[in-house]
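*Asks:* Here it is, the structure in full.
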Ligand code: ADP
Ligand code: MG
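In the UniProt record's numbering, the protein residues as written are 179 to 754.
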């Protein structure tokens, strides 16, 4: 173990951030706000919190680091605890929605930006913190943008609080300008040239194309790991399976072909499997990732990047009033960020599975901030409960469209969360405490009322509505398709899809001990159901802290039990 401690220390000392540690600490002590710019892999995320700790900032309060992504919060917390030689959730912890791995001992807290935003509701001066690192600010997630706005007044009230904003090179000046030309510091570092190859035509099947390219590289002479950018869990899994299958076939025919370690990484992958990506391997690695590997996770040794040019993006659809994940082209800035991953430790090559014309004509120069393409209901609810009554006066880094603000305010008014003057109602203020969609939080709160008395059932339904679809729908095998349909019918409750969800969950809970194989037999996604259970537990806890009753209506899902007349009164009751 001392050996591994030594290697970790050696690794740390080689990082570009380590070389400028003293300068960074001096600048932080001299300035309340500082923008730190550095190449991916220079040590911003893993080193800055440790520098602050070594300088003793934790004695005045927590050192908080926000991440736009759950996976990143989890895996960097783990890495930093290893580097410091402490147990995770003791000195170094992390908190993500529905999961808290921090204790009284915690001094360095990694969290998603959504968690910090929620914390401002409980303590609007964030008194528990001495410094906050807003990591990956260039991602411009909705929560990061709102926090940056809130910090303007927090910093004025709390002169002792340090704000450190880290960013990849793109648009870093914007943050500095936003805080009255705050100090900027660029971590010096070197990158190697990357040879960029474009596709001759736009492929119809990006998975097949990526698989082909992986095999071509693997069968070639050059050594070095491969990083493939896909859009999400599904195409990542297909890609990994296809690579393995093709490779097995090839190895059967020719036993001189080297093995290849194929590793997926996406946000819902279990932590132990995620960790594999960072482990040293004797054979070539091929990592198949979402855009998490663009800037937030750094894997060393990558020499080849295969870029599909696509990502999943949350897009608000005003017609149905819902956010949905859609596969969309990345921006030019992201495209360059992705190819840069091949040039971190030496010269590399990036294969772009799209044409130069697509790059030039179909991609935006930089990504559109989330605040300008998402439903703002949740955010407005939160801002209103933070007493930001006039949204037109809120300091936005980039203003959302006025129509988007108006639509969201109208929606909130129509479900009774805002009154005619745009102020929070009692219902609205209760809703803001629940980290779920406004419509769902209203449903849950109402279910606790005496005349409904069914918060136990509704908490389950709401949890089931907060996860990806639970039914497995096989598409390429007629027999399996038929079988899955007949199993699905078994769960069906004629009255409503929601009762069907409740039924599935209840059956799932009954079969706890064999949950995973039971799910497989019944064409259900085990991971999603497990997630639903976690969410349900959290919601019940929040109901408890709000002193709302957690009660069951005690009716079984196979009986008729909805009183339609009562439900139609809801808005009147709560607006009054
Ligand atoms: P930045 O935030 O500037 O992009 P990081 O602090 O994330 O950089 O990474 C610094 C170095 O630490 C990288 O070279 C990376 O390989 C290494 N590293 C980060 N996380 C892990 C991990 N979980 N396991 C092994 N090495 C890691
Ligand atoms: Mg980082």
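The beta-carbon is built from N, C-alpha and C at its ideal position, and this holds for glycine as well.
Just to check, is the beta-carbon of residue 369 closer than 6 Å to a non-hydrogen atom of the ligand SAH?
*Replies:* The ligand SAH is absent from the structure shown, which contains only the ligand ADP and the ligand MG.
*Asks:* What residues match up with residue 184 in a beta bridge as DSSP calls it?
*Replies:* The count along the chain shown starts at 1 and reaches residue 184 at position 6. None; residue 184 has no bridge partner.
*Asks:* Just grab the DSSP bridge partners of residue 314 for me.
*Replies:* Locating residue 314 in the chain shown gives position 136, where the first residue counts as 1. Partner(s): none; residue 314 has no beta bridge.
*Asks:* Could you check what DSSP says for residue 366 in three-state terms: helix, strand or coil?
*Replies:* Stepping through the chain shown from its first residue, residue 366 is reached at position 188. Correct three-state label for residue 366: coil.
*Asks:* Quick check on residue 226: does DSSP put it in helix, strand or coil?
*Replies:* Taking the first residue of the chain shown as position 1, residue 226 is located at position 48. In this structure, residue 226 counts as helix in the three-state DSSP scheme.
*Asks:* Is the beta carbon of residue 478 within less than 6 Å of some heavy atom of the ligand ADP?
*Replies:* Counted from its first residue, the chain shown places residue 478 at position 300. It does: the Cβ of residue 478 is within 6 Å (strictly closer) of some heavy atom of the ligand ADP.
*Asks:* Name the residue from 644, 483 and 688 whose alpha carbon lies nearest to the alpha carbon of residue 676.
*Replies:* As a working mapping, residue 676 is identified with position 498 in the chain shown. Comparing Cα positions, the closest option is 644.
*Asks:* According to the Cβ coordinates, are residue 211 and residue 365 closer than 7 Å?
*Replies:* Along the chain shown, read from residue 1 onward, the residue named residue 211 stands at position 33. Along the chain shown, read from residue 1 onward, the residue named residue 365 stands at position 187. For residue 211 and residue 365, no; Cβs fall outside 7 Å.
*Asks:* Can you give me the C-alpha to C-alpha distance between residue 568 and residue 474, rounded to a whole angstrom?
*Replies:* Indexing the chain shown from 1 puts residue 568 at position 390. Indexing the chain shown from 1 puts residue 474 at position 296. Rounded to whole angstroms, residue 568 to residue 474 spans 34 Å at the Cα level.
*Asks:* Count the other C-beta atoms from every protein chain shown that fall within 10 angstroms of the C-beta of residue 586, then say buried if there are 16 or more, exposed otherwise.
*Replies:* If you number the chain shown from 1, residue 586 lands on position 408. Counting Cβ neighbours within 10 Å, residue 586 comes out buried, since at least 16 surround it.
*Asks:* Does any heavy atom of the ligand MG sit closer than 6 Å to the C-beta of residue 222?
*Replies:* Within the chain shown, numbered from 1, the residue matching residue 222 stands at position 44. True, at least one ligand heavy atom lies under 6 Å from that Cβ.
*Asks:* What does the alpha-carbon distance come out to for the pair residue 190 and residue 461?
*Replies:* Residue numbering aside, residue 190 sits at position 12 when the chain shown is read from its first letter. Residue numbering aside, residue 461 sits at position 283 when the chain shown is read from its first letter. Going by the C-alpha atoms only, they are around 24 Å apart.
*Asks:* Report buried or exposed for residue 653, applying the criterion of at least 16 other Cβ atoms within 10 angstroms of its Cβ.
*Replies:* The residue you call residue 653 lines up with position 475 of the chain shown. Residue 653 should be labelled exposed.
*Asks:* Can you tell me which of the three DSSP states residue 724 falls into?
*Replies:* Residue 724 sits at position 546 when you count from the first residue of the chain shown. Residue state, collapsed to three classes: coil.
*Asks:* DSSP three-state label for residue 563, please.
*Replies:* Start at 1 with the first residue of the chain shown, and residue 563 comes out as number 385. Residue 563 falls in the helix class under three-state DSSP.
*Asks:* Pick helix, strand or coil for residue 647, following the three-state DSSP scheme.
*Replies:* As a working note, residue 647 is residue 469 in the chain shown. In this structure, residue 647 counts as coil in the three-state DSSP scheme.
*Asks:* Under 8 Å Cβ to Cβ from residue 393, same chain only, skipping five residues before and after it: list those, please.
*Replies:* Along the chain shown, one-based indexing puts residue 393 at 215. Contacts found: 421, 424, 425 and 428.
*Asks:* From what residue to what residue does the alpha helix (DSSP H) around residue 306 run?
*Replies:* Residue numbering aside, residue 306 sits at position 128 when the chain shown is read from its first letter. First-last for residue 306: undefined, no H or E at that position.
*Asks:* Three or more C-beta pairs under 8 Å: does that hold for the stretch 307-325 against the stretch 235-250?
*Replies:* yes
*Asks:* In chain order, what residues of the same chain have a beta carbon less than 6 Å from the beta carbon of residue 363, not counting five sequence neighbours either side?
*Replies:* Within the chain shown, numbered from 1, the residue matching residue 363 stands at position 185. Excluding residues within five positions, the ones whose Cβ falls inside 6 Å are 205 and 214.
*Asks:* Starting from the C-beta of residue 410, find all residues in its chain whose C-beta is less than 7 Å away, skip the five residues before and the five after it, and write them out in chain order.
*Replies:* By 1-based counting over the chain shown, the position of residue 410 is 232. Correct list, in chain order: 444, 468 and 490.
*Asks:* Could you pull out every unbroken alpha helix (DSSP H) segment of at least 4 residues lying fully inside the stretch 413-470, listed in chain order?
*Replies:* 449-453
*Asks:* Starting from residue 532, trace the alpha helix (DSSP H) both ways and give me its first and last residue.
*Replies:* One-based indexing of the chain shown puts residue 532 at position 354. No alpha helix (DSSP H) holds residue 532; DSSP gives it neither H nor E.
*Asks:* Work out the CA separation of residue 503 and residue 552 for me, nearest whole Å.
*Replies:* By 1-based counting over the chain shown, the position of residue 552 is 374. By 1-based counting over the chain shown, the position of residue 503 is 325. Rounded to the nearest angstrom, the two C-alpha atoms are 11 Å apart.
*Asks:* Tell me where the beta strand (DSSP E) around residue 484 begins and ends.
*Replies:* The sequence position of residue 484 within the chain shown is 306, counting from 1. Where residue 484 is concerned, the enclosing beta strand (DSSP E) stretches over 480-485.
*Asks:* Kindly list the residues whose CB is nearer than 7 Å to the CB of residue 162, restricted to its own chain and excluding five residues on each side of it in sequence; keep chain order.
*Replies:* Nothing can be reported for residue 162: it is not among the residues displayed for the chain, which extend from 179 to 754.
*Asks:* Pop quiz: residue 325 and residue 560 are said to be a contact at Cβ under 8 Å. What is the actual Cβ separation, rounded to whole angstroms?
*Replies:* Within the chain shown, residue 325 is the residue found at index 147, counting from 1. Within the chain shown, residue 560 is the residue found at index 382, counting from 1. Going by Cβ atoms, the distance from residue 325 to residue 560 rounds to 11 Å, so no, they are not a contact pair.
*Asks:* List the DSSP bridge partners of residue 278.
*Replies:* By 1-based counting over the chain shown, the position of residue 278 is 100. According to DSSP, which records beta bridges pairwise, residue 278 is partnered with 273.
*Asks:* Cα separation between residue 417 and residue 408?
*Replies:* Here residue 417 corresponds to residue number 239 of the chain shown, with the count starting at 1. Here residue 408 corresponds to residue number 230 of the chain shown, with the count starting at 1. Computed Cα separation, rounded: 9 Å.
*Asks:* Report the rounded CA-to-CA distance for residue 301 versus residue 631, giving the unit in angstroms.
*Replies:* Here residue 301 corresponds to residue number 123 of the chain shown, with the count starting at 1. Here residue 631 corresponds to residue number 453 of the chain shown, with the count starting at 1. For residue 301 and residue 631, the gap between their C-alpha atoms comes out near 32 Å.
*Asks:* Decide if residue 412 is buried, meaning its Cβ has at least 16 other Cβ atoms within 10 Å, or exposed.
*Replies:* Mapped onto the chain shown, residue 412 falls at position 234. Label assigned to residue 412: exposed.
*Asks:* Taking only three categories from DSSP, how would you classify residue 755?
*Replies:* Missing from the structure shown is residue 755; the chain here goes from 179 to 754 and no further.
*Asks:* To the nearest angstrom, how far is the alpha carbon of residue 196 from that of residue 385?
*Replies:* Here residue 196 is taken as the residue at index 18 of the chain shown, counted from 1. Here residue 385 is taken as the residue at index 207 of the chain shown, counted from 1. Taking the straight line joining both Cα atoms gives about 39 Å.
*Asks:* Looking at C-beta atoms only, is the number of pairs between the stretch 700-707 and the stretch 595-614 that lie closer than 8 Å three or more?
*Replies:* Contact fails: fewer than three Cβ-Cβ distances are below 8 Å.
*Asks:* For the stretch 530-546 against the stretch 371-381, do three or more pairs of beta-carbon atoms, one drawn from each stretch, fall closer than 8 Å, so that the two count as touching?
*Replies:* yes
*Asks:* At a cut-off of 6 Å, is residue 259 close to the ligand ADP when judged by its beta-carbon and the heavy atoms of the ligand?
*Replies:* By one-based count along the chain shown, residue 259 stands at place 81. Every heavy atom of the ligand ADP is 6 Å or more from the Cβ of residue 259, so no.
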